[in-house]
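Data block below; observations after.
There are 2 protein chains.
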Amino acid sequence: MQNKILNLLKKKEGYISGEDISGHLDISRQALWKHIQELKDKGYVIEAVPHLGYHLESSPDRLFEFEVLRGLNTKTFGKKIFYFDTLTSTIDMAMALGVKGAANGTLILAESQTKGKGRLGRTWFSPKHKGLYMSLILRPDMLPTQASILTLLAAVGICDAIKNATGVTTQIKWPNDILANNKKLCGILTQVIAETDRIDFMIISAGINVNNDKKSLVSTATSLKEQKKDEMSRVSLLQEILRELEANYLVLEKKGASPILEKWRQHNTTLGRRVKVYCQHKHVEGEALDIDTDGGLLVRKDNGITEHVMAGDVVHCR
Amino acid sequence: MQNKILNLLKKKEGYISGEDISGHLDISRQALWKHIQELKDKGYVIEAVPHLGYHLESSPDRLFEFEVLRGLNTKTFGKKIFYFDTLTSTIDMAMALGVKGAANGTLILAESQTKGKGRLGRTWFSPKHKGLYMSLILRPDMLPTQASILTLLAAVGICDAIKNATGVTTQIKWPNDILANNKKLCGILTQVIAETDRIDFMIISAGINVNNDKKSLVSTATSLKEQKKDEMSRVSLLQEILRELEANYLVLEKKGASPILEKWRQHNTTLGRRVKVYCQHKHVEGEALDIDTDGGLLVRKDNGITEHVMAGDVVHCR
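Residue numbers (this note's numbering), protein chains in the order written: chain C, 1 to 318; chain P, 319 to 636.
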């Protein structure tokens with residue numbers, strides 16, 4: 001109902017009378033008044049002028065379900081949303097919902113995270129209302145060994161979405177960090193919950209620095225606000241991400257991994273460089289040649305031997 | 319405290335006076351009486367004779383934490399136990415506890431399951447007090463792609479434990495069904511919760527038909543009771559399983575996969591047979607040649623080509 005009221009308020013340039021709204025939606029004036037109060041509590045600035053009616057002055061930058069759903073043109077991605085003011089981590093919630101059978105495309109959003117998770121047990125700084133903190137539940141019909149293509153797919157989709165929604169050009173650092181001007185803008189974490197021969201579900205999670213101020217970030221990180229010198233709508237960015245992820249997912253289902261790998265190669269900043277990859281108690285140094293379908297990195301060492309590295313942290317040497 | 323009282327009762331052949339017990343454990347006679355009542359409620363038959371004291375007539379076949387811990391000679395496996403009368407599935411609980419950081423070796427037990435899970439989305443019939451329904455949380459330091467060896471390890475360990483605890487000889491049908499006289503005695507389900515390059519945790523779950531009556535089982539299933547013509551202690555069997563699993567796990571850490579694979583080959587009933595493997599919308603038919611380190615089955619087809627099958631259901635053709 002609040003969504004419908006907002007729609008009416010947003011459609012109207014000037015004022016719309018309470019009588020018109022309650023008539024249109026078939027609710028009492030008293031019920032309307034209550035809904036308006038609740039919207040105000042959520043941060044919507046709604047002016048009420050006697051004899052004129054209501055006018056929406058401004059909307060808060062919040063990821064409320066009805067804000068995200070308004071104008072979201074996907075088939076399944078993000079069509080079911082679980083929204084929270086604060087979570088330990090959207091991943092924890094996604095895990096619980098996934099175990100209970102949440103559908104493919106279910107989205108978990110939080111305005112802040114108290115224990116935001118990064119790769120390899122690290123944390124992700126998740127201040128309130130500044131970033132996008134999201135987890136998407138997927139149930140792909142593939143073997144667990146094929147799942148890593150979705151890690152690459154996520155990076156590609158988010159890169160393109162950032163470009164489309166904000167104009168900021170980003171690069172992917174293997175395996176799936178997203179950089180702007182060589183600083184970290186977005187981290188992606190892909191998790192698989194699987195039997196030996198069957199994926200139960202996957203969780204693709206992302207933390208994106210959107211409206212973070214430069215001074216709140218460590219020197220190796222950046223935000224879209226820092227890049228654009230302007231704040232931007234997290235809702236629009238999120239909608240674009242969901243659209244890109246779903247589009248790529250459908251391409252993967254139809255045409256296999258090749259188009260995703262090709263896009264990844266276009267966006268990446270690791271291939272062709274000299275790299276040092278730290279992986280499971282050892283490191284591999286050499287030239288980053290290519291990735292293969294399982295997402296692994298092929299590194300040609302100085303002795304001429306090419307090693308396939310599945311995991312780890314990469315340092316770009318020069 | 320109830321554990322300590324039981325220990326005293328079990329140590330004593332005849333009667334032990336309330337005075338002795340309360341003196342020994344430094345509790346009041348009233349407190350002792352309350353504990354005795356609670357033990358009776360749990361199914362312990364405790365006789366109380368004036369002037370003589372207490373005598374433990376019989377213990378119920380229950381998987382209470384203190385029963386399992388008494389005499390369990392493992393280092394970590396099963397040292398932390400979550401025991402439930404009924405669960406939807408021990409797996410669901412293991413997933414929730416694993417996400418919250420439950421330690422390596424944590425054991426989840428249920429006397430019955432309302433939605434016991436089998437492989438590939440199937441169910442496991444889990445009547446109360448008849449079977450063993452368990453999930454073990456592991457945190458191995460290996461890559462997700464290496465995890466399937468633990469599926470084989472679980473099958474091997476449970477086979478040996480059944481032999482040690484009951485004398486019943488069993489065979490493993492690829493990948494990890496345990497058969498006795500060609501009927502299914504035990505199902506094992508291994509799940510991995512992982513990032514691309516790091517296992518967060520694994521859940522090894524087993525359902526074992528122990529004291530099920532023949533008439534309650536489908537024709538393709540059997541129980542240890544049917545094989546032995548006698549009921550047996552689920553606690554002893556469970557302790558032996560935990561011991562074997564841990565021993566094999568330590569072997570894996572020290573010596574790698576080879577000894578586990580060798581044991582698996584010894585126990586298996588699939589290799590050398592003509593098989594039909596149903597896997598991901600297709601099937602492969604031929605001779606089951608061997609398994610490899612990732613747990614996959616090598617099948618030599620009639621055209622001479624050997625195919626590596628990772629997943630699926632196998633039918634022994636003859």
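Beta carbons: idealized from backbone N, C-alpha and C, even for Gly.
- A residue is called buried once 16 or more other Cβ atoms fall within 10 Å of its Cβ, and residue 331/P, having fewer, is exposed.
- Residue 226/C counts as buried, since no fewer than 16 other beta carbons sit within 10 angstroms of its beta carbon.
- Annotation for residue 224/C: 162, 166, 168, 180, 185, 208, 209, 210, 211, 232 and 237 place their beta carbon closer than 8 Å to its own, counting only its chain and skipping 5 residues before and after.
- For residue 362/P, there is no enclosing alpha helix (DSSP H), as DSSP marks it with neither H nor E.
- For the 8 Å CB-CB criterion, residue 422/P and residue 455/P form a contact.
- At a cut-off of 8 Å between beta carbons, residue 197/C contacts chain P.
- The C-beta separation of residue 191/C from residue 68/C comes to about 22 Å, leaving the pair out of contact by the 8 Å criterion.
- For residue 411/P, the enclosing alpha helix (DSSP H) has its first and last residue at 408-417.
- Residue 606/P has its alpha-carbon roughly 6 Å from the corresponding atom of residue 592/P.
- Residues of chain C whose Cβ lies closer than 8 Å to the Cβ of residue 611/P do not exist; the shortest such Cβ separation is about 13 Å.
- Scanning its chain for C-beta atoms nearer than 6 Å, with the 5 sequence neighbours on each side dropped, one finds around residue 420/P the residues 455, in chain order.
- In this structure, the straight-line span from the alpha carbon of residue 561/P to that of residue 459/P is close to 20 Å.
- For residue 27/C, the three-state secondary structure derived from DSSP is coil.
- A distance of 8 Å or more separates the beta carbons of residue 201/C and residue 78/C.
- Within the same chain, and ignoring the five residues on either side of residue 221/C in sequence, the residues whose Cβ sits closer than 7 Å to its Cβ are 183, 184 and 209.
- In this structure, the CA atom of residue 120/C is about 8 Å from the CA atom of residue 513/P.
- For residue 404/P, the beta-bridge partners assigned by DSSP are 430/P.
- Not a single C-beta of chain P is nearer than 8 Å to the C-beta of residue 168/C.
- Counting every other CB atom within 10 Å of its CB across the protein chains shown gives residue 573/P a total below 16, marking it as exposed.
- Residue 152/C places its beta carbon less than 8 Å from that of residue 261/C.
- Boundaries of the alpha helix (DSSP H) harbouring residue 552/P: 552-573, taken from the DSSP string.
- Non-local beta-carbon contacts of residue 283/C in its own chain, meaning distances under 7 Å to residues more than five positions away in sequence, involve 276 and 277 in chain order.
- Around residue 574/P, no beta-carbon contact reaches into chain C at under 7 Å, the shortest distance being about 15 Å.
- Proximity to residue 198/C across 534/P, 436/P and 488/P peaks at 436/P, based on C-alpha coordinates.
- Residue 453/P is positioned such that its CB atom lies closer than 8 Å to that of residue 408/P.
- Counting only unbroken stretches of 3 or more residues, the beta strand (DSSP E) elements lying wholly within the segment 168-206 of chain C are 171-173, 177-180 and 183-195, in sequence order.
- In this structure, residue 611/P lies away from residue 521/P, with their beta-carbon atoms at least 8 Å apart.
- Contact of residue 457/P with chain C is not assigned, every C-beta pair being separated by 8 Å or more.
- DSSP places residue 606/P in the uninterrupted beta strand (DSSP E) bounded by 600-609.
- Per the C-alpha coordinates, the member of 285/C, 144/C, 3/C and 110/C positioned closest to residue 44/C is 3/C.
- Along the segment 280-312 of chain C, the positions whose C-beta sits under 8 Å from a C-beta of chain P are 280, 295, 310, 311 and 312, read in chain order.
- Straight-line measurement puts the Cα of residue 189/C at about 11 Å from the Cα of residue 122/C.
- Under the 10 Å beta carbon count, residue 366/P is surrounded by fewer than 16 other beta carbons and is classified as exposed.
- Within chain P, no C-beta atom comes nearer than 9 Å to that of residue 177/C; the closest sits roughly 13 Å away.
- Where residue 583/P is concerned, the enclosing alpha helix (DSSP H) starts and stops at 576-585.
- In the DSSP assignment, residue 477/P falls outside any beta strand (DSSP E) and lies within the alpha helix (DSSP H) extending over 467-484.
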